[in-house]
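Asks: Below is the structure I would like to discuss, written out as structure tokens.
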Amino acid sequence: MQLISHAPTGPIEHSWDKHKFDLKLINPANKRKYNIIVVGSGLAGGAAAASLGELGYNVQCFCFQDSPRRAHSIAAQGGINAAKNYHNDGDSIYRLFYDTVKGGDFRAREANVYRLAQVSVNIIDQCVAQGVPFAREYGGLLDNRSFGGAQVSRTFYARGQTGQQLLLGAYQALERQIGLGAVVMHPRMEMLDLIVIDGQARGIVTRNLYDGEIEVHMADAVVLATGGYANVFYLSTNAKGCNATAIWRAYRRGALFANPCFTQIHPTCIPVAGEYQSKLTLMSESLRNDGRIWVPKQPGDKRPPGSIPESDRDYYLERRYPSFGNLVPRDIASRAAKAECDAGRGVGETGLGVYLDLADAIHRLGKNTIAERYGNLIEMYERITGENPYEVPMRIYPASHYTMGGLWVDYNLMSTIPGLFVLGEANFSDHGANRLGASALMQGLADGYFIIPYTVGDYLATAKPVKVAADAPAAKQAVANATAITKKLLNANGKRTVDSFHRELGKIVWDDCGMSRNEAGLKKALSQIPALREEFWKNVRVLGANEEFNQSLEKAGRVADFFELAELMCLDALDRKESCGGHFREEYQTPEGEALRDDANYSYVAAWQYQGEARAPALTKEPLTFNYVHPSQRSYK
Ligand SMILES: Cc1cc2nc3c(=O)[nH]c(=O)nc-3n(C[C@H](O)[C@H](O)[C@H](O)COP(=O)(O)OP(=O)(O)OC[C@H]3O[C@@H](n4cnc5c(N)ncnc54)[C@H](O)[C@@H]3O)c2cc1C
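Everything in the sequence shown is counted per the working numbering, starting at 58 for the first residue and increasing by one.
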């Protein structure tokens, strides 16, 4: 298969405008003749469904929660980037573009990233118009703070609840369209398969999570905005329900999966406390604006932090990266924390922690200012750990958080299946091998509000999908497939819980395809995962029945997909014999322990194609070219 990105050529600053002009339009009266399915109602899906409804299309929107308001986007804390340059500190569209390409370690498509930086400014205007209560500074302008990988302040925020406020904005826009009848919302519905007819995406199969009914929904185009797959690690900062099922089942129907091994480990999470923990909690990266990260200089120093004098502390990020200090990108901060802990300087009972200390900032700015900026995060930390960060430094450690990999999409956000579009964290598009903080919300809203409304019209006008029946053979076959998986899970009747399998799988992936990877570990994981998967299908015990609200069954289906995805992640990580961004292959590092890319051989997007059960997936490469930001060794020193 040849991958055609459809990325425009010519001067990059005009390429999106030109592309938009070249895209075909559908006249307003004809839009209502088209049905579009949007799976997902987070920031990407909610924005897309609202915008497509507003344009006049008939939209069916699906989510597995009881309300679109509960999409995982609501958890986002720190902020959203935009190149507004309100601080007059040297920001520009070009700088955001540059920082993002460099931050992603030169493994993203330049044209996409430029467009993202361009539309970032529209996003803020749109959200302000919706009433999103962004923080403001004394003059009344919107305030900004800094996030990793940037030397300017371009992150817009609403305390530590930015995702919640943005989602409320998108949700209101969506509800308006639901009220007008342009969007029909289907909560508590899980997409279990994609219907492909004559090579085009024409519908989905869902399971009603209340009563188990399997349903067919047909459309002229399908949009997946189903979020990321960090829960493959079992322990992650994602909501427990986040899963890969929609994109994984689309992969099994022919959509290529890009860069599955590019996952992000976030440096500032509350450390794991015990074997039976099921969830990790993020402490937003925004805390690194005011928090200083340090460990005791002496390995094994068990004194309480307040008794360790300045002379015995190592502010290792400030020491190693004087230009960016505590605001180095996430991949670098995470690896640096791991290195300190591996060297015996970790803090807390387990030794897997470093301090994030707000004392200097409190002294400089006062407790009230710090509470205004991070109050809810500090409260959350205190509730979980019983320690008060106004008085003692927080303890943090890296945790799996975000996935840059996802379904391959072209510049129009269309997958390799015509008519199947993929938005937000579910696609692989803009972040390369490492996402910069506050850029996921930007990408999800860019995709939903500003890109899909143009590109889906072009597809419909060009492909002119004909009417298809809900009992078409492909639809029946997809129903049979979804039903068979459900039955197989319920009938396994084994002895182990779904969670016990998920925990064991997660540990394999974390140990061997997590913060660092090597050939031996990846090969070991590639032999352990299929064996555990086989045991899962024989020995899993799913309680209850299909015809009822059954979260154990939901979980089982998702974990079954995580098994397959985990294998693909390891395969991809093994195949990429270089280090870049979050993909740190121990064999490929600079003498100073930084990621060592191999641009001559690996400057491409790795897109994997499903070849059937028990057959190795096929790799197709989309070469990456850099005409503006020339690849160099990333330096934040
Ligand atoms: C704790 C935390 C804090 C974060 N903070 C920030 C931040 O400050 N700034 C930033 O830029 N990014 C942040 N991120 C990342 C960001 O929140 C996510 O990348 C982003 O919100 C994902 O949005 P989305 O719309 O792609 O997916 P989601 O918000 O995850 O929405 C997915 C939707 O798909 C639906 N869905 C999924 N599977 C199915 C299925 N099979 N059938 C039906 N429906 C399905 C769900 O119901 C949901 O509606 C944070 C992430 C975490 C975990």
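Glycine included, each C-beta is placed from N, C-alpha and C at the ideal position.
My output table needs one value for Ile-441: the three-state DSSP class, helix, strand or coil.
Replies: Three-state DSSP puts Ile-441 in a helix.
Asks: Give me the Cβ distance between Ile-509 and Val-280, rounded to the nearest whole Å; I'm assuming they're in contact under 8 Å.
Replies: Contact holds; Cβ gap of about 6 Å.
Asks: Looking at C-alpha atoms only, which residue of Ala-394, Ile-542 and Ala-588 is the closest neighbour of Leu-610?
Replies: If we check each option's Cα against that of Leu-610, Ile-542 comes out closest.
Asks: With a cut-off of 8 Å, do at least 3 Cβ pairs link the region 568-584 to the region 538-554?
Replies: Verdict: no, contact absent.
Asks: If you follow the alpha helix (DSSP H) that Lys-90 is part of, which residue opens it and which one closes it?
Replies: Lys-90 -> no alpha helix (DSSP H), and no H or E assigned at all.
Asks: At the level of alpha carbons, what is the spacing between Gly-217 and His-274?
Replies: So the alpha carbons of these two residues sit roughly 38 Å apart.
Asks: Start and end of the beta strand (DSSP E) containing Ile-322?
Replies: Here the beta strand (DSSP E) through Ile-322 covers 320-326.
Asks: Any heavy atom of ligand 1 closer than 8 Å to the beta-carbon of His-458?
Replies: At least one heavy atom of ligand 1 is nearer than 8 Å to the Cβ of His-458, so yes.
Asks: Which residues in the same chain as Glu-439 place their Cβ atom closer than 6 Å to its Cβ, once the five residues preceding and following it in sequence are excluded?
Replies: Excluding residues within five positions, the ones whose Cβ falls inside 6 Å are Asn-445.
Asks: Is the beta carbon of Leu-251 closer than 9 Å to that of Ala-307?
Replies: Yes, they are a contact pair.
Asks: Please identify the residue among Pro-450, Thr-460, Gln-500 and Tyr-516 whose C-alpha is closest to the C-alpha of Met-471.
Replies: Checking every option, the nearest Cα to that of Met-471 belongs to Tyr-516.
Asks: For the beta strand (DSSP E) that contains Thr-460, what are its first and last residues?
Replies: Note, Thr-460: beta strand (DSSP E), 451-460.
Asks: Please give the ranges of any beta strand (DSSP E) in the region 242-327, keeping only runs that are unbroken, at least 3 residues long and fully inside the region.
Replies: Fully enclosed beta strand (DSSP E) runs of 3 or longer: 246-254, 257-265, 271-275, 278-281 and 320-326.
Asks: By the 10 Å Cβ neighbour count, where 16 or more other Cβ atoms means buried, how is Pro-674 classified, buried or exposed?
Replies: It is buried - the Cβ of Pro-674 has at least 16 other Cβ atoms within 10 Å.
Asks: Taking only the alpha-carbon atoms, compute the straight-line gap between Ile-474 and Gly-410 and give it to the nearest angstrom.
Replies: Those two C-alpha atoms are separated by around 44 Å.
Asks: Taking Cβ to Cβ, would you say Pro-385 is nearer than 9 Å to Arg-452?
Replies: Sequence check: residue 385 is Val here, not Pro. Result no, Cβ atoms of Val-385 and Arg-452 do not sit closer than 9 Å.
Asks: Is Val-96 close to ligand 1? I mean its beta-carbon at under 8 Å from any heavy atom of the ligand.
Replies: Val-96: yes, Cβ under 8 Å from ligand 1.
Asks: Under the three-state reduction of DSSP, which class applies to Cys-118: helix, strand or coil?
Replies: Here Cys-118 sits in strand by DSSP.
Asks: Between Thr-283 and Ala-483, how many whole angstroms is the CB-CB distance? I'm expecting something under 8 Å.
Replies: About 5 Å; that satisfies the 8 Å criterion.
Asks: Can you tell me whether Met-242 is buried or exposed, with buried defined as 16 or more other CB within 10 angstroms of its CB?
Replies: Classification for Met-242: buried.
Asks: Could you tell me how far apart the beta carbons of Pro-328 and Ala-390 are, in whole angstroms, since I believe they sit closer than 8 Å?
Replies: Contact doesn't hold; Cβ gap of about 15 Å is too wide.
Asks: Hey, is Asn-469 close to ligand 1, as in C-beta under 8 Å from one of its heavy atoms?
Replies: For ligand 1, not one heavy atom lies less than 8 Å from the Cβ of Asn-469.
Asks: Is DSSP giving Gln-221 helix, strand or coil here?
Replies: Correct three-state label for Gln-221: helix.
Asks: Between Phe-319 and ligand 1, is there a pair consisting of the residue's CB and a ligand heavy atom that are separated by less than 8 Å?
Replies: No, the beta carbon of Phe-319 sits no closer than 8 Å to any heavy atom of ligand 1.
Asks: Within this structure, are the beta carbons of Thr-677 and Glu-167 separated by less than 9 Å?
Replies: Contact: no.
Asks: Consider the C-beta atom of Pro-190 and the heavy atoms of ligand 1; say whether any pair is separated by less than 8 Å.
Replies: Every heavy atom of ligand 1 is 8 Å or more from the Cβ of Pro-190, so no.
Asks: Run the proximity test for Leu-480: is its beta-carbon closer than 8 Å to any non-hydrogen atom belonging to ligand 1?
Replies: Because some heavy atom of ligand 1 lies under 8 Å away, the Cβ of Leu-480 counts as near it: yes.
Asks: Measure the C-alpha to C-alpha separation of Arg-598 and Arg-615 and round it to an integer number of angstroms.
Replies: Roughly 14 Å separates the two Cα atoms.
Asks: Judging by CA-CA distance, which residue of Leu-480, Pro-361, Gly-514 and Phe-507 is the nearest neighbour of Val-449?
Replies: Looking at the Cα atoms, Pro-361 is the closest of the given residues.
Asks: Any idea what DSSP makes of Gln-500, helix, strand or coil?
Replies: Helix.
Asks: Helix, strand or coil, according to DSSP, for Glu-679 in the structure here?
Replies: If DSSP states are grouped into helix, strand and coil, Glu-679 belongs with the strands.
Asks: Excluding the five sequence neighbours on either side, which residues of its own chain have a C-beta within less than 6 Å of the C-beta of Ala-101, listed in chain order?
Replies: These residues qualify, in order along the chain: Ala-282, Leu-480, Gly-481, Gly-501, Asp-504 and Gly-505.
Asks: Would you report the Cα separation of Val-176 and Pro-353, rounded to the nearest angstrom?
Replies: One C-alpha to the other measures close to 44 Å.
Asks: In chain order, what are the residue ranges of uninterrupted alpha helix (DSSP H) at least 4 long that sit wholly in the region 383-419?
Replies: The region 383-419 contains these whole alpha helix (DSSP H) runs: 387-399.
Asks: Given a threshold of 16 other Cβ atoms within 10 Å of its Cβ, counted over all protein chains shown, does Thr-294 qualify as buried or as exposed?
Replies: Classification for Thr-294: buried.
Asks: Shorter than 8 Å, the distance from the beta carbon of Pro-386 to the closest heavy atom of ligand 1, or not?
Replies: No; taking the cut-off as 8 Å, the Cβ of Pro-386 has no heavy atom of ligand 1 nearer than that.
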